[in-house]
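Trainee: First residue of the sequence shown: 1, per the UniProt record's numbering; consecutive thereafter.
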Amino acid sequence: MATLVRLCGRVFQQNAVSRQFQPLSGLQRYSAAAGSLEQTLDVKHRIDDTRRRALLGGGQKRIDTQHKKGKLTARERVRLLMDEGSFVEYDMFLEHNCADFGMEKEKYPGDSVVTGRGCINGRTVFIFSQDFTVFGGSLSGAHAKKICKIMDQAMLVGAPVIGLNDSGGARIQEGVESLAGYADIFQRNVMASGVIPQISLIMGPCAGGAVYSPALTDFTFMVKETSYLFITGPDVVK
């Protein structure tokens, strides 16, 4: 009986191998190629759609509101500051992971900050630009990770870090995770002190952690009639 079982097993294996290496017919090859192309196009479409949403930040209505206040968007600021065509964006599709207070229904690719590297007058710099059109530029765990990433890389290669700050501070919906993100940024501010130049530009009303980090940098610039720095915002006080 055992011999019969082993024999049947060998026959089954041989049949499986022969089926595995059996050449596809022309129709089968065409169907497989068409299916693969369709899947590829579907993935490309989703990537293009996500990129389009990332470029819009919080949406055209909020962008228009930003312009009416005489302020540029996060991406417009980066575009003006960096040498043309030099900016390489990091983590463009990263989103927050908060599921409280209905936040899981409101996500934006890239969250509330644009980060990356590029050149100014031919010199490499790392930059982050907070996007006030997305949750008021508030700092989430994902937002903090993006900033920490470019700060780590800047210290690694000895390049300056430039922060364009336009933020309402911590994202209170995320609680301690947001505050922990600020702690990670502050730590890097201290580690980078005296090692690489740290430059802060205050581009709008900034509160809480959005104030403490610039205070730890080497240079802080403000925009007349537009920039504000205060210890904390009214929502936190309430």
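Every residue gets a Cβ at the ideal spot worked out from N, C-alpha and C, and that includes glycine.
Could you tell me whether the segment 159-167 touches the segment 89-98, using the rule of 3 or more Cβ pairs below 8 Å?
Mentor: Short answer: they don't touch.
Trainee: For T217, I'd like the list of residues in its chain whose CB is within less than 6 Å of its CB, leaving aside the five on either flank, ordered along the chain.
Mentor: Excluding residues within five positions, the ones whose Cβ falls inside 6 Å are Q198 and S200.
Trainee: Distance check for S129 and R79, CA to CA, integer angstroms please.
Mentor: Answer to the nearest angstrom: the Cα atoms are 11 Å apart.
Trainee: Can you give the Cα-Cα distance for G57 and R51, rounded to whole angstroms?
Mentor: Distance between the alpha carbons of G57 and R51 is about 10 Å.
Trainee: Going by beta-carbon coordinates alone, are G110 and V88 separated by less than 8 Å?
Mentor: no
Trainee: Assign F12 to buried or exposed, taking buried as 16 or more other Cβ atoms, counted over all protein chains shown, within 10 Å of its Cβ.
Mentor: Note that F12 scores 48 on pLDDT, short of 50, meaning its location in the model is unreliable; the coordinates nonetheless yield the value given after this. F12 comes out exposed.
Trainee: Answer yes or no: does any C-beta atom of chain B fall closer than 8 Å to that of E89?
Mentor: You won't find chain B in this structure, because it holds only one protein chain.
Trainee: Would you kindly check if the distance between the Cβ of Y90 and the Cβ of A144 is under 8 Å?
Mentor: no
Trainee: Bridge partners for residue 239 per DSSP, in chain order?
Mentor: A query on residue 239 cannot be resolved here, the shown segment of the chain reaching from 1 to 238 and no further.
Trainee: Quick check: the Cα distance between Q173 and S112, rounded to an integer number of angstroms?
Mentor: Going by C-alpha positions, Q173 is about 14 Å away from S112.
Trainee: Excluding the 5 residues flanking F21 on each side, which residues of the same chain have their C-beta closer than 6 Å to its C-beta?
Mentor: Its pLDDT being 48, under 50, F21 is placed unreliably in this model, and the value from its coordinates should be taken loosely. Result list for F21: empty, nothing under 6 Å.
Trainee: For S138, which of G204, Q153, S86 and A54 has the nearest alpha-carbon?
Mentor: G204
Trainee: Which class does A159 belong to by DSSP, given the choice of helix, strand or coil?
Mentor: coil
Trainee: Return the first residue and the last residue of the beta strand (DSSP E) that E177 is part of.
Mentor: First-last for E177: V176 to A192, but that is the alpha helix (DSSP H), not the beta strand (DSSP E).
Trainee: For V223, name the three-state secondary structure that DSSP assigns.
Mentor: coil
Trainee: Kindly list the residues whose CB is nearer than 6 Å to the CB of I147, restricted to its own chain and excluding five residues on each side of it in sequence; keep chain order.
Mentor: F128 and I185
Trainee: Nearest-angstrom Cα distance between G189 and L41?
Mentor: It is worth fixing the name first, because residue 189 is Asn in this sequence and not Gly. Approximately 43 Å, taken between the alpha carbons.
Trainee: Sort S213, A207 and R77 by Cα distance to M191 and report the nearest one.
Mentor: S213
Trainee: Return the CA-CA distance between R77 and D131, expressed in angstroms with no decimal places.
Mentor: 10 Å
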